[in-house]
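*Asks:* Protein chains in written order, with the numbering used here: chain A, 831 to 1298; chain B, 8 to 476.
Just so it is clear, CB atoms sit at the ideal spot from N, CA and C, and this is done for glycine as well.
Below you'll find the structure I mean.
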């Protein structure tokens, strides 16, 4: 759900400057907070398929549109980047359509285009994701190409150098993008001695240091069958899918060779860091420790976040910062329960003269939520939205596949689908108040601001809370 | 791909599928997919059934956009779009989106040069309520000065977020301002800041009363519904509204004079990142082109510059290595004209002229020699496949067809698109390249970092962010 009312840009000049750049959009934020939850149990039948070779996947058959969508994930991600090779997983994600088997980069991409096959890769801190879509009529040929990409990528010298140049260019742009600088600084500040504090896109130095051998080594260690989850939606039956799974993933090693990543938490005590940049509007990222996906209180925290800053125009942050004061176009928060640390993150952008006021209002909203909590009405409204909007996440093949992969990556069973709405309904006001009091301590807030903020230390006016 | 897909509107799913696949599999189902009718008050309705999930996308398009704004009131179309979420006679201030959220729905809106659209995505049971709400705010909007003032601050912040904080976006505004010499497409949709700051409650209401009416609106419902259901509901809600006299489909905008001279501009900005070169041409759109020309332009841009298999990428990035990326697109959906743009990012400022010469050479080659059959075939199949992929999303279909209707196209015309794409020949591409990629109708722009970088790929010293804690 875009949280914002858009002026669709007539031509996003910046958006397509670099083909590798992954757009961190509101859509992605929405996925980040929503991917693990939910389901419209009605009508959708999830089959658990096991291939003859023993590879498992979840399947939803949908024969009315002649395409097959597959999402898969290898646990690992950018936290598996070696110490001096930050950005390796991200580099690899850009290399898998740059030639494989007998096909050079150009041949591979032309073949892909002939087949109208869609294939892309991305990395998060804890996983490496693949996204594959094919027209039914080209499925057999597309699957061959996918298999080649995953098992026999070439990493030819000229292709590696070309992508390296693009990644370095992306870094130059990212260094000048206040949103990206603020987010990067947030993780560096919150996790100074942990892989989470490093940049998933690396540094100029680390990108320059990465070799074809590094890419292949990462692939070998991370692409395996025991850390792999797969979701498939579309015009394919279970038997055919079984054969396809063996063809694509059958040659991968049984076990991944992952480096152990320590459990961690954001630094205690809170901090506020300003990074100066000559822009008219300051961008702030704020966040603090939250709770893990498997914590019994997770669902409560999820509903809490919805009321606080996850619910678009229904959220308290939007109400106080935008609707009442006109201080920002966009302000939001979301939960990011990673494997090795959980955080609640948010962002706001306000002209330099008033960013201090926005941050003051946000602190007051947190404070009020921690001490008083939401009203019964706010909780009811949040539940109504979360339960009622549940089906909207399942109306395209690609969206269904993403949801089903998300559940598997968190080790949930397909029955989660049946139970999810009941879990939302079960959250009580007392639960919310307890979890809010525990989590939302403004003194622990880690804030990074990019811009030329004024009056940042000054106290902001107190916030009068509406009950919703 | 998405970019192109969203900008071109055309064609029915059925037409695509019969083109690419065995027709018997899908034709029976899809033949019934689209229904179009008109309410008595002149409101157009389009229904796109999709019964896979129990949800619907409900959209209302108004045939008005930023290019219809009064002189000096840039941004009013978009500002009004924001204000439409405030209050009506029966909806208290700011409650609109909250009501929809309580019903488990998501809502939003967008403004472009040629149309303004509002949409909700909800469980099918909530469709009647969505229609009531949308019909209500079509005629009953109430605005207070306080709401207007606060929201004006919001759109100014929106402008800072989207435009002022980004050198690429500021540069894009400058390119458009120069490309169009007389047509209002030269003015950004969000508005110029100094004019936005002056927009008033009265400006918004005047614009609203003039353009928001059933006879200037198109309803699109996609999802788990039938045409009969939608018709009955629409008659009970939108059907009760009175048409406004004096609205016509012939929208008058100032026309472009003949373009007589290539234009050039350069923006230096400390935050520009790497040097980049941009070339934009004023060309026809699907709405204005002679039959088959827009299709030929589509394929021309696809194989010349869209993606890693294109000539521009292969030559500039892969072979000559003077650019780190090279791309192009055809903005083909405008009511009054289209735009073709190419751009590339270089590591060194000195390479920009080389890239420009290379691009000019590639264009000259096509105008002289046309394109190969294999390239043409690949480009055609890529486009046709995009449409099958898009048919997976009811929201995408609603947007595509709604936009087409809002800019005066017919379903039949959109349906014929795949056939016309199929018919494009190498000669057609050669001809439109020669006719429209004419430098006199172009702007060439450079966006470069203000200080020369010291290291080959390092940031300019003055632009590097400084830390202060």
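In whole angstroms, what is the alpha-carbon distance linking residue 996 of chain A and residue 158 of chain B?
*Replies:* 39 angstroms
*Asks:* Which word fits residue 174 of chain B, buried or exposed, when buried means at least 16 other C-beta atoms lie within 10 angstroms of its C-beta?
*Replies:* The residue is buried, with at least 16 neighbouring Cβ atoms inside 10 Å.
*Asks:* State buried or exposed for residue 264 of chain B, treating a residue as buried only when at least 16 other CB atoms are found within 10 Å of its CB.
*Replies:* Label assigned to residue 264 of chain B: exposed.
*Asks:* What are the uninterrupted segments assigned as beta strand (DSSP E) that are 3 or more residues long and contained completely in the stretch 286 to 365 of chain B, given in chain order?
*Replies:* 332 to 338, 345 to 352
*Asks:* Please compile the residues from chain B whose C-beta is within a distance smaller than 7 angstroms of the C-beta of residue 1224 of chain A.
*Replies:* 60
*Asks:* Counting only runs that start and end within the stretch 912 to 983 of chain A, where is the alpha helix (DSSP H) found for 4 or more residues in a row?
*Replies:* With a minimum length of 4 residues, the continuous alpha helix (DSSP H) runs that stay inside the stretch 912 to 983 of chain A are 918 to 923, 935 to 945, 969 to 981.
*Asks:* Could you name the residues of the same chain whose beta carbon sits closer than 6 angstroms to that of residue 1018 of chain A, not counting the 5 residues immediately before and after it, in chain order?
*Replies:* 1027
*Asks:* Count the other C-beta atoms from every protein chain shown that fall within 10 angstroms of the C-beta of residue 334 of chain B, then say buried if there are 16 or more, exposed otherwise.
*Replies:* buried
*Asks:* Any idea which residues DSSP pairs residue 1180 of chain A with across the strands?
*Replies:* The beta-bridge partner set that DSSP reports for residue 1180 of chain A consists of A:1112.
*Asks:* So the beta strand (DSSP E) residue 114 of chain B belongs to, where does it begin and stop?
*Replies:* 113 to 118
*Asks:* Quick one: which chain B residues come within Cβ less than 9 angstroms of residue 1244 of chain A?
*Replies:* Under the 9 angstroms cutoff, chain B gives no residues; its nearest Cβ is about 17 angstroms from residue 1244 of chain A.
*Asks:* For residue 87 of chain B, which residues of its own chain have a beta-carbon under 6 angstroms away from its beta-carbon, when the five flanking residues on both sides are left out?
*Replies:* 211, 214, 215
*Asks:* I want to know whether the stretch 884 to 895 of chain A touches the stretch 1049 to 1061 of chain A - three or more CB-CB distances under 8 angstroms.
*Replies:* yes
*Asks:* Is residue 66 of chain B helix, strand or coil by DSSP?
*Replies:* strand
*Asks:* List, in chain order, every chain B residue whose beta-carbon is nearer than 7 angstroms to that of residue 1003 of chain A.
*Replies:* 280, listed in chain order.
*Asks:* Once the 5 residues before and after residue 224 of chain B are set aside, which same chain residues still bring their CB inside 8 angstroms of it?
*Replies:* 50, 51, 67, 68, 69, 70, 145, 245
*Asks:* Using a Cβ cut-off of 7 angstroms, pull out every chain B residue sitting near residue 892 of chain A, in sequence order please.
*Replies:* At a C-beta separation below 7 angstroms, residue 892 of chain A has these neighbours in chain B: 59.
*Asks:* Which runs of the beta strand (DSSP E) spanning at least 3 residues fall entirely within the stretch 878 to 913 of chain A, listed in chain order?
*Replies:* 886 to 891, 897 to 905
*Asks:* Using CA coordinates, which residue listed in A:1212, A:1006, A:1180, A:1081 is at the minimum distance from residue 457 of chain B?
*Replies:* A:1006
*Asks:* Taking C-beta to C-beta, are residue 958 of chain A and residue 919 of chain A nearer than 9 angstroms?
*Replies:* yes
*Asks:* Where does residue 1022 of chain A land, buried or exposed, given buried means 16+ other C-beta within 10 angstroms?
*Replies:* exposed
*Asks:* Could you name the residues of the same chain whose beta carbon sits closer than 7 angstroms to that of residue 150 of chain B, not counting the 5 residues immediately before and after it, in chain order?
*Replies:* 90, 93, 208, 211, 212
*Asks:* Determine the direct distance from the alpha carbon of residue 103 of chain B to that of residue 983 of chain A, and round the result to whole angstroms.
*Replies:* 52 angstroms
*Asks:* Relative to the C-alpha of residue 1169 of chain A, which residue among A:961, A:1094, A:1205, A:964 is closest?
*Replies:* A:1094
*Asks:* Quick one: list the residues of chain A neighbouring residue 389 of chain B, beta-carbon separation under 8 angstroms, in chain order.
*Replies:* 943, 946
*Asks:* Among A:1286, A:1250, A:1143, A:1184, whose alpha-carbon lies nearest the alpha-carbon of residue 112 of chain B?
*Replies:* A:1143
*Asks:* Taking 9 angstroms as the threshold (C-beta atoms), are residue 897 of chain A and residue 964 of chain A in contact?
*Replies:* yes
*Asks:* Is the stretch 1169 to 1184 of chain A touching the stretch 163 to 173 of chain B, taking contact as three or more C-beta pairs under 8 angstroms?
*Replies:* yes
*Asks:* In this structure, how does DSSP classify residue 283 of chain B when only helix, strand and coil are distinguished?
*Replies:* strand
*Asks:* Can you give me the C-alpha to C-alpha distance between residue 867 of chain A and residue 1222 of chain A, rounded to a whole angstrom?
*Replies:* Here residue 867 of chain A scores only 29 on pLDDT, less than 50, and its place in the model should not be relied on; the value that follows carries that caveat. Distance between the alpha carbons of residue 867 of chain A and residue 1222 of chain A is about 12 angstroms.
*Asks:* Counting C-beta neighbours from all protein chains within 10 Å, is the total for residue 278 of chain B 16 or more, i.e. buried, or is it exposed?
*Replies:* buried
*Asks:* Taking Cβ-Cβ distances shorter than 9 angstroms, what residues in chain A pair up with residue 277 of chain B?
*Replies:* Neighbours of residue 277 of chain B in chain A, taken as residues whose beta carbon is under 9 angstroms from its own, are 1006, 1108 in chain order.
*Asks:* Check whether the stretch 356 to 374 of chain B touches the stretch 441 to 456 of chain B, counting contact only when three or more Cβ pairs, one atom from each stretch, lie closer than 8 angstroms.
*Replies:* Yes, they touch.
*Asks:* Ordered along the chain, which non-local residues of its own chain (more than five positions away) have a Cβ less than 7 angstroms from that of residue 1266 of chain A?
*Replies:* Closer than 7 angstroms at Cβ, skipping near neighbours: 1134, 1199, 1200, 1203.
*Asks:* By the DSSP assignment, the alpha helix (DSSP H) with residue 1276 of chain A in it spans what residues?
*Replies:* Taken as a continuous stretch (DSSP letters only), residue 1276 of chain A belongs to no alpha helix (DSSP H), being part of the beta strand (DSSP E) at 1276 to 1281.
*Asks:* Please list, in chain order, the residues of the stretch 1200 to 1232 of chain A that have any C-beta partner in chain B closer than 9 angstroms.
*Replies:* 1210, 1211, 1212, 1214, 1215, 1216, 1217, 1218, 1219, 1220, 1221, 1222, 1224, 1225, 1226, 1227, 1228, 1229, 1230
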